[in-house]
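Here's the structure we're looking at; comments come further down.
Rendered as C-alpha coordinates:
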(Lines of atoms letter the chains of each structure in order from A and count residues from 1; the text may use other names and numbers.)
(Lines give C-alpha, C1' and ligand atoms only; values in the text may rest on other atoms or scores of the structure.)
Protein backbone atom coordinates (compact mmCIF):
# COMPACT_ATOMS: atom_id res chain seq x y z
CA UNK A 1 0.00 0.00 0.00
CA UNK A 2 1.48 3.29 -1.07
CA UNK A 3 1.52 6.10 1.48
CA UNK A 4 -1.11 8.67 0.54
CA UNK A 5 -0.64 12.42 0.74
CA UNK A 6 -2.23 13.60 3.97
CA UNK A 7 -5.02 15.43 2.14
CA UNK A 8 -6.05 12.30 0.25
CA UNK A 9 -5.76 10.29 3.43
CA UNK A 10 -8.14 12.64 5.23
CA UNK A 11 -10.53 12.47 2.28
CA UNK A 12 -10.41 8.68 2.31
CA UNK A 13 -11.10 8.66 6.05
CA UNK A 14 -14.21 10.82 5.67
CA UNK A 15 -15.44 8.68 2.78
CA UNK A 16 -14.90 5.51 4.81
CA UNK A 17 -16.79 7.14 7.67
CA UNK A 18 -19.67 8.10 5.40
CA UNK A 19 -19.93 4.55 4.07
CA UNK A 20 -19.69 3.01 7.53
CA UNK A 21 -22.73 5.09 8.54
CA UNK A 22 -24.87 3.43 5.85
CA UNK A 23 -27.18 0.62 7.06
CA UNK A 24 -25.49 -1.98 4.86
CA UNK A 25 -22.15 -0.66 3.65
CA UNK A 26 -20.74 -2.39 0.56
CA UNK A 27 -17.33 -3.99 0.88
CA UNK A 28 -14.97 -1.32 -0.37
CA UNK A 29 -11.28 -1.74 -0.88
CA UNK A 30 -8.90 1.19 -0.53
CA UNK A 31 -8.61 1.28 -4.33
CA UNK A 32 -12.37 1.70 -4.68
CA UNK A 33 -12.37 4.46 -2.08
CA UNK A 34 -9.52 6.23 -3.88
CA UNK A 35 -11.49 6.08 -7.13
CA UNK A 36 -14.53 7.54 -5.38
CA UNK A 37 -12.44 10.27 -3.79
CA UNK A 38 -11.01 11.31 -7.16
CA UNK A 39 -14.26 11.11 -9.13
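Residue numbers (our numbering): 10 to 48. Idealized CB from N, CA, C, for every residue including glycine. Model, not experiment: these values are computed from the prediction.
- Apart from sequence neighbours up to five positions away, the residues of its chain that approach residue 24 with a beta-carbon distance below 8 Å are 42, 45, 46, ordered along the chain.
- Collapsing the DSSP output to three states places residue 30 in coil.
- In the same chain as residue 20, and ignoring 5 residues on each side of it, the C-beta atoms closer than 7 Å to its own belong to 46, in chain order.
- Put simply, the backbone Cα of residue 14 is about 12 Å away from that of residue 22.
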